[in-house]
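In the working numbering, the protein residues as written are 1104 to 1247. No residue lacks a Cβ here, since even glycine has one placed at the ideal position from N, Cα and C. Keep in mind the model is a prediction, meaning the values are calculated, not measured. A short write-up of the structure that comes next.
The following block contains the structure:
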């Protein structure tokens, strides 16, 4: 799993978090996490073979000036994405994540930390670094 926390800057336009295969432009991006403040929505997508896939559009969970934490959990079939201790998104793999080599973070945020952590779903709990973090329901949040 990947944990990041930070603060949204004033007058934000957008934030981008890409789980990518390589640095070069045109490399596959299995997960593109993109809060778009100017549109008041969050978009999840994949970039593969030079093309963007169909966008999954969601309600915006972030606000200007606010602190946030996001956890991306990689499971056998999907990314589970938690924002501020709530499971908000699930994104089925369009490209298997095994070839991800870098995480690119940018946009209108002050990034305070980014780290690889241990996370697991056990019964009705999500554990982070071995400790209960939040509740988990077999009923996943919608994909789009």
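About 19 Å separates the CB atoms of residue 1158 and residue 1115; that is not less than 8 Å, and the two are not in contact. One Cα belongs to residue 1123, the other to residue 1203, and the distance between them is close to 5 Å. Using a Cβ-Cβ distance cut-off of 8 Å, the stretch 1146–1153 and the stretch 1204–1213 are not in contact, since fewer than three pairs of beta carbons, one from each stretch, lie closer than that value. Here the C-alpha atom of residue 1217 lies approximately 15 Å from the C-alpha atom of residue 1210. In this structure, the beta-carbon distance from residue 1198 to residue 1133 falls below 8 Å. In the structure shown, residue 1128 falls within a coil segment according to DSSP collapsed to helix, strand and coil. Its Cα nearest to that of residue 1229, the residue 1185 stands out among 1195, 1194, 1219 and 1185. When DSSP reads this structure, residue 1216 sits in a beta bridge with 1108. In this structure, residue 1220 lies away from residue 1234, with their beta-carbon atoms at least 8 Å apart. For residue 1208, DSSP records a beta bridge to 1120. For residue 1182, the enclosing beta strand (DSSP E) stretches over residues 1181–1186.
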